[in-house]
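In our numbering, each residue's number is its place in the sequence shown (first place is 1) plus 4.
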Amino acid sequence: MMGDTLKEECGVVGVYCQSGKAASLALLALHALQHRGQESAGIATSDGVRVWTHKGLGLVSQVFDPGRPPDLPGHLAVGHVRYSTTGSTRIENAQPLTTSSRWGYLALAHNGNLTNAAELRGRLEKEGSSFVSTTDSEVISHLIARAGDPTLEGAISLAMGELEGAYTVVLVGGGKLCGFCDPYGIRPLVVGEFADGYILASESCALDHVGARFVAEVEPGGLVVIERGQLTVHQAQPPQGTAGCVFEYIYFARPDTVWRGRNVHQARRHMGRILAREHPAEADVVVPVPDSGLSAAMGYAEATGIPLEIGLVKNRYIGRTFIQPEQAMRDFGVQAKLNPVREVVQGRRIVLVDDSIVRGTTSSKIVGLLRASGAREVHVRISSPPIRFPCFYGIDTSSRGELVAARLSVEEIQRLIGADSLGFLSQEGLVEALGLAREELCMACLDGRYPTRIPREGEAGRQALEFTRRIR
Ligand code: SF4
Numbered sequence: 005m006m007g008d009t010l011k012e013e014c015g016v017v018g019v020y021c022q023s024g025k026a027a028s029l030a031l032l033a034l035h036a037l038q039h040r041g042q043e044s045a046g047i048a049t050s051d052g053v054r055v056w057t058h059k060g061l062g063l064v065s066q067v068f069d070p071g072r073p074p075d076l077p078g079h080l081a082v083g084h085v086r087y088s089t090t091g092s093t094r095i096e097n098a099q100p101l102t103t104s105s106r107w108g109y110l111a112l113a114h115n116g117n118l119t120n121a122a123e124l125r126g127r128l129e130k131e132g133s134s135f136v137s138t139t140d141s142e143v144i145s146h147l148i149a150r151a152g153d154p155t156l157e158g159a160i161s162l163a164m165g166e167l168e169g170a171y172t173v174v175l176v177g178g179g180k181l182c183g184f185c186d187p188y189g190i191r192p193l194v195v196g197e198f199a200d201g202y203i204l205a206s207e208s209c210a211l212d213h214v215g216a217r218f219v220a221e222v223e224p225g226g227l228v229v230i231e232r233g234q235l236t237v238h239q240a241q242p243p244q245g246t247a248g249c250v251f252e253y254i255y256f257a258r259p260d261t262v263w264r265g266r267n268v269h270q271a272r273r274h275m276g277r278i279l280a281r282e283h284p285a286e287a288d289v290v291v292p293v294p295d296s297g298l299s300a301a302m303g304y305a306e307a308t309g310i311p312l313e314i315g316l317v318k319n320r321y322i323g324r325t326f327i328q329p330e331q332a333m334r335d336f337g338v339q340a341k342l343n344p345v346r347e348v349v350q351g352r353r354i355v356l357v358d359d360s361i362v363r364g365t366t367s368s369k370i371v372g373l374l375r376a377s378g379a380r381e382v383h384v385r386i387s388s389p390p391i392r393f394p395c396f397y398g399i400d401t402s403s404r405g406e407l408v409a410a411r412l413s414v415e416e417i418q419r420l421i422g423a424d425s426l427g428f429l430s431q432e433g434l435v436e437a438l439g440l441a442r443e444e445l446c447m448a449c450l451d452g453r454y455p456t457r458i459p460r461e462g463e464a465g466r467q468a469l470e471f472t473r474r475i476r
């Protein structure tokens with residue numbers, strides 16, 4: 005999926021390293037999580053008393069000098085890569101965020117989106133908190149800093165009791181590294197162990213890159229604390245079941261990541277097999293939209309016996325910062341990033357496999373590119389069900405009006421994108437492919453069943469906190 009896509013939300017990492025290489029390990033991990041956000045990157049470290057921060061706009065390799073280790077001392081680190089879902093792209097909104105507290109400075113990095121951030125922020129401002137960013141993440145810092153509990157663990161637990169929506173947070177403060185997840189476990193957080201420390205990360209692929217062994221996933225409502233080499237696990241809030249985001253499997257996570265015992269590549273491949281069963285096609289080649297359509301296309305080709313071919317090549321070196329959230333840049337992005345292989349495409353009946361359709365503009369451009377290169381037929385197969393509802397948990401689909409499947413039927417979308425046929429994976433097929441119970445998954449953008457209370461129309465969206473600030 006490219007261009008007019010769902011945007012990844014954020015990636016977080018936390019490191020406890022007795023030998024003091026916390027910043028270097030956090031940096032390695034951030035490189036592994038780069039696909040989750042390309043607008044800003046940052047690391048904050050601590051020696052238990054002082055805090056150092058380096059962050060900036062752009063890719064990890066633009067913010068940190070690739071030639072030398074970060075000049076950030078301390079045995080504790082948190083890091084963040086960001087795609088803005090609340091708050092626009094500016095340096096004040098880059099994370100980690102630091103806030104003073106009775107435990108000294110807290111440095112915090114957040115993945116997800118709060119659904120009651122504006123409400124909480126209004127209250128905190130009345131109580132005297134002053135905010136430097138327009139992110140919902142700063143609301144979490146302030147709530148923890150002001151919570152009426154003498155221990156950091158207790159304060160986090162009290163703060164979690166007030167938060168609604170999706171949050172996976174890593175934080176250093178008071179000589180501790182903490183990681184916690186909302187009571188639905190909407191976004192992932194895994195714990196790894198290495199020779200002289202621990203790592204917390206949004207995805208297991210980051211553990212592999214720093215040579216850490218997988219230990220556990222932070223459970224819904226769970227809080228892990230690492231202090232003086234000891235890891236403790238708390239149930240900070242009662243779990244409300246599990247509602248893991250299905251788009252982690254469909255699109256966001258890297259194929260080598262494992263979440264809840266499911267490898268992402270294998271899950272996608274299985275989605276492709278079931279998609280083939282549900283929507284077969286008479287065709288000569290299966291062509292994936294690179295890169296995220298590849299695993300599902302492999303599954304589709306396996307199930308049908310139609311050969312898999314590289315019919316579209318991605319221009320990798322254009323850089324993902326080029327793809328900005330604004331529509332004008334999205335439109336430009338598709339042509340700049342994809343090129344058909346004419347020798348594969350010409351005269352062929354093609355099954356084009358992609359992971360999702362958001363607004364429909366990208367799909368119609370790709371179908372147009374293939375036809376312009378001589379494709380005889382283009383049958384589009386999508387390895388997710390139609391996205392009909394907005395996400396309030398950190399994915400940039402802020403209103404239903406933008407979602408083509410909320411307005412049009414499958415036949416109408418087929419005509420809009422100019423395909424010879426169009427088939428989406430069914431919701432049942434998706435659940436079957438994941439091998440998890442429906443009750444363990446968030447599929448709200450597909451079926452409208454939100455696991456939490458959601459904001460009223462017009463209150464959500466990436467500018468919500470900026471709006472509340474303007475009207476004051
Ligand atoms: S609404 Fe959709 S994208 Fe958002 S968390 Fe749920 S499944 Fe994921």
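For each residue, glycine too, the CB sits at the ideal point set by N, CA and C.
Taking residue 49 as the reference, which of 65, 28, 130 has the closest Cα?
Here the closest residue by C-alpha is 28.
With a threshold of 16 other CB atoms inside 10 Å of the CB of residue 314, please say whether the residue is buried or exposed.
When all chains shown are included, residue 314 counts as exposed.
Quick one, are the C-beta atoms of residue 288 and residue 375 less than 8 angstroms apart?
In this structure, residue 375 does not lie closer than 8 angstroms to residue 288 by Cβ.
Residue 161 and residue 146 - do their beta-carbons sit closer together than 8 angstroms?
Result no, Cβ atoms of residue 146 and residue 161 do not sit closer than 8 angstroms.
Measuring straight from C-alpha to C-alpha, what distance separates residue 101 and residue 35?
Between residue 101 and residue 35, the C-alpha separation is close to 19 angstroms.
Spatial neighbours of residue 300 within its chain, please: CB distance less than 6 angstroms, with the 5 preceding and 5 following residues excluded, ordered by chain position.
Excluding residues within five positions, the ones whose Cβ falls inside 6 angstroms are 272, 275, 276, 357, 387.
What did DSSP end up calling residue 97 once you bin it into helix, strand or coil?
Residue state, collapsed to three classes: helix.
Quick check on this structure: which residue in 111, 243, 405 has the alpha carbon closest to the alpha carbon of residue 52?
Looking at the Cα atoms, 111 is the closest of the given residues.
Could you check which residue in 24, 444, 46, 73 has the C-alpha nearest to that of residue 264?
Of the listed residues, the one whose Cα sits closest to residue 264 is 444.
Given this structure, state the Cα-to-Cα distance separating residue 269 from residue 126, to the nearest angstrom.
Each residue's alpha carbon lies about 43 angstroms from the other.
Using the rule of at least 16 other Cβ atoms within 10 Å of the residue's Cβ for burial, across every protein chain shown, is residue 398 buried or exposed?
Label assigned to residue 398: buried.
Using only CA atoms, which one of 297, 152, 76, 185 lies nearest to residue 113?
Closest by alpha carbon: 185.
Applying the 10 Å Cβ sphere with the 16-neighbour rule, what's the burial state of residue 419?
That one is exposed.
Beta carbon of residue 480: closer than 7 angstroms to some heavy atom of the ligand SF4?
The structure shown does not extend to residue 480, since the chain spans only 5 to 476, so no value can be given for it.
Give me the Cα-Cα distance between residue 298 and residue 448, rounded to the nearest whole angstrom.
Residue 298 and residue 448: Cα-Cα distance of roughly 25 angstroms.
Does the segment 197-211 touch the segment 16-30, meaning 3 or more C-beta pairs lie closer than 8 angstroms?
Contact holds: three or more Cβ-Cβ distances are below 8 angstroms.
Given a cut-off of 8 angstroms, decide if residue 124 and residue 166 are closer than it, judged by their beta-carbon atoms.
A contact, by the Cβ cut-off of 8 angstroms.
Check residue 190 in the structure and name its three-state DSSP category.
Coil at residue 190, not helix or strand.
Taking 7 angstroms as the cut-off, is the C-beta of residue 250 nearer than that to any heavy atom in the ligand SF4?
Yes - the ligand SF4 has a heavy atom lying nearer than 7 angstroms to the Cβ of residue 250.
Mind checking residue 64: buried by the 16 CB within 10 Å criterion, or exposed?
Classification for residue 64: buried.
Sort out for me which residues DSSP pairs residue 239 with in a bridge.
Residue 239 is bridged to 226.
State the CB to CB distance for the pair residue 338 and residue 377, rounded to an integer number of angstroms; the pair is presumed to be in contact (CB under 8 angstroms).
Not confirmed; about 15 angstroms, so no contact.
Going by DSSP, what residue range makes up the alpha helix (DSSP H) through residue 65?
Segment 64-67, the alpha helix (DSSP H) holding residue 65.
Return yes when at least one heavy atom of the ligand SF4 lies under 7 angstroms from the C-beta of residue 399, else no.
At least one heavy atom of the ligand SF4 is nearer than 7 angstroms to the Cβ of residue 399, so yes.
Are the beta-carbon atoms belonging to residue 433 and residue 190 less than 8 angstroms from one another?
Not in contact: residue 433 and residue 190 (Cβ atoms no closer than 8 angstroms).
Assuming residue 119 and residue 442 make a contact with CB atoms under 8 angstroms, what is their CB distance in whole Å?
22 angstroms between Cβ atoms; not a contact.
Could you tell me the distance, in whole angstroms, from the CA atom of residue 244 to the CA atom of residue 308?
When rounded, the distance between both Cα atoms is 40 angstroms.
Specify the secondary structure class of residue 103 as computed by DSSP and reduced to three states.
Here residue 103 sits in strand by DSSP.
From what residue to what residue does the beta strand (DSSP E) around residue 182 run?
First-last of the beta strand (DSSP E) with residue 182: 180-185.
Would you call the segment 219-229 and the segment 170-187 touching, i.e. three or more CB-CB distances under 8 angstroms?
The segment 219-229, when compared against the segment 170-187, does touch it at the 8 angstroms Cβ threshold.
What is the DSSP secondary structure of residue 214, counted as helix, strand or coil?
Coil, per DSSP.
Could you have a look at residue 81 and say whether DSSP puts it in helix, strand or coil?
If DSSP states are grouped into helix, strand and coil, residue 81 belongs with the strands.
Among the residues of its own chain, which have a CB less than 7 angstroms from the CB of residue 178, if the five just before and after it don't count?
Same-chain partners within the cutoff: 107, 108, 156.
Could you tell me whether any non-hydrogen atom of the ligand SF4 is closer than 7 angstroms to the CB of residue 447?
Residue 447 Cβ: within cutoff of the ligand SF4.
Distance check for residue 148 and residue 115, CA to CA, integer angstroms please.
Approximately 16 angstroms, taken between the alpha carbons.
Could you tell me how far apart the beta carbons of residue 1 and residue 364 are, in whole angstroms, since I believe they sit closer than 8 angstroms?
Residue 1 lies beyond the residue range present for the chain, which begins at 5 and ends at 476; the question has no answer from this structure.
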